[in-house]
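Report on the structure given below.
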Amino acid sequence: MPKVPEGYVEQKRNDILDAALAVSRSKPLHKITMKDIVRASGLSQGGVYAYYSRIEEVWLALATRFDTGIEFEDRFRQLRDPALSPAEAMRELLRFAELELETAMKSGYSKLAFEFNAIYASQAEWFMERMEDHQGTSPSYGFAYMFEQMLAMWRGWVEEGRAQPLRPLEEILMLVQVSLSGMIREATLEQYFMETGKPYDPQTQVGLHLTALMEGLHISVSTLLGLQADDPRESSHTKGEDIR
925 MPKVPEGYVE QKRNDILDAA LAVSRSKPLH KITMKDIVRA SGLSQGGVYA
975 YYSRIEEVWL ALATRFDTGI EFEDRFRQLR DPALSPAEAM RELLRFAELE
1025 LETAMKSGYS KLAFEFNAIY ASQAEWFMER MEDHQGTSPS YGFAYMFEQM
1075 LAMWRGWVEE GRAQPLRPLE EILMLVQVSL SGMIREATLE QYFMETGKPY
1125 DPQTQVGLHL TALMEGLHIS VSTLLGLQAD DPRESSHTKG EDIR
């Protein structure tokens, strides 16, 4: 039996996922079948089913691939630099989240995520089981990890006396979650509606104002966390400069 080259299986999986993502850009998810994926991939039916036995597995694998491409672990390591004030750390984190949202929109993943949320809502038990497996294999990636670490970071600031929250930390976290979710939802809808010729007022177009909206969210979160503008450990980073 011939030896399979190193990386062959992973490459085949990615080829199938690339084909699925391409199909999802032009067709609603609920209308896409495994036959569409087989046709777009150029592989045989058996060649596709050897890796994914149902369409839901394809969508979840695409979501996992996107999540594992977001490297929040290194980012949080940088944000814990004691020379960085909490307010600056929050600004840098939201700036990084903004870049990831823009990446999701450009790649077509935001449309995919928007649609498969509705699909998985009708298969909640199956979906939750798979998500638990996903979290077990890649716990340091994606937005779920970001929110978990964000809450831990805030708790550390409270213990150190660097934050005096006006509301429970869990409530503030929910504000961040729904704000980011709303931004990507509206920006994604705008993106695809405009492709049909629907006009949008540039002054109220979410996709054109992500930076301003993130700054507004930063101000709101910093206020609710009770972050001190004159933190005694003043940062050595210049305002507006990205952490590298």
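Residue 1030 in this note's numbering sits at position 106 of the sequence shown, with consecutive numbering throughout. Glycine residues also receive a C-beta, built at the ideal position from the N, C-alpha and C atoms. The model shown is predicted, which means the values in this text are computed figures rather than measured ones.
Distance CB(residue i)-CB(residue j) smaller than 9 Å
| i | j | result |
| --- | --- | --- |
| ALA1136 | LEU1025 | no |
| ALA1021 | PHE1067 | yes |
| VAL947 | ALA964 | yes |
| ARG1079 | PRO1010 | no |
| TYR1044 | GLU1139 | no |
| MET1070 | LEU1017 | yes |
| SER1046 | LEU1099 | no |
| GLN1088 | LEU1149 | yes |
| LEU984 | ASP939 | no |
| LEU1104 | LEU1075 | no |
| LEU1023 | LEU986 | no |
| LEU953 | PHE1040 | yes |
| ALA1028 | PHE990 | yes |
| TRP1081 | LEU1151 | yes |
Per-residue DSSP class, three states only, for residue i
| i | result |
| --- | --- |
| LEU967 | coil |
| ALA1087 | strand |
| GLU1095 | helix |
| LEU1148 | helix |
| HIS954 | helix |
| ASP1125 | coil |
| ARG1109 | helix |
| SER1046 | coil |
| HIS1142 | helix |
| GLU1114 | helix |
| GLU930 | coil |
| ARG1254 | Summary: the structure shown does not reach residue 1254, with the chain confined to residues 925 through 1168, and so no result is reported for it. |
Proximity to residue i [Cα-Cα], best of the options
| i | options | result |
| --- | --- | --- |
| ALA944 | GLU1094, LEU1036 and PHE1051 | LEU1036 |
| GLU995 | HIS1142, GLN1073 and LEU967 | GLN1073 |
| THR988 | GLY1121, TYR1033 and PRO1123 | TYR1033 |
| ARG1004 | MET1077, THR1128, GLY1121 and LEU1090 | MET1077 |
| THR1147 | ARG1015, TYR973 and PHE1117 | ARG1015 |
| TYR1116 | SER1031, GLU1053 and GLY970 | SER1031 |
Same chain, Cβ closer than 6 Å to residue i, five either side skipped, listed in chain order
| i | result |
| --- | --- |
| ARG937 | TYR975 |
| THR1162 | Per-residue confidence for THR1162 stands at a pLDDT of 40, beneath the threshold of 50, marking its modelled position as unreliable; no derived number is given. |
| GLN960 | For the sequence presented, residue 960 should be read as Asp rather than Gln. Result list for ASP960: VAL947, in chain order. |
Own chain partners of residue i with C-beta closer than 8 Å, once the 5 adjacent residues on each side are dropped
| i | result |
| --- | --- |
| PRO1126 | LEU1132 |
| ARG1109 | PHE1038 |
| VAL1130 | MET1107, GLU1110, ALA1111, GLU1114 and LEU1137 |
| TYR973 | MET958 |
Cβ-based neighbour list, residue i, same chain, cut-off 7 Å, excluding 5 preceding and 5 following
| i | result |
| --- | --- |
| MET1118 | TYR1124 |
| ILE956 | VAL947, SER948 and ILE979 |
Would you mind listing the alpha helix (DSSP H) stretches within the region 967 to 1038 that are 4+ residues and don't spill past its ends, in chain order?
Runs of the alpha helix (DSSP H) lying entirely within the region 967 to 1038, each at least 4 residues long, are 969 to 973, 979 to 992, 996 to 1003 and 1010 to 1031 in chain order.
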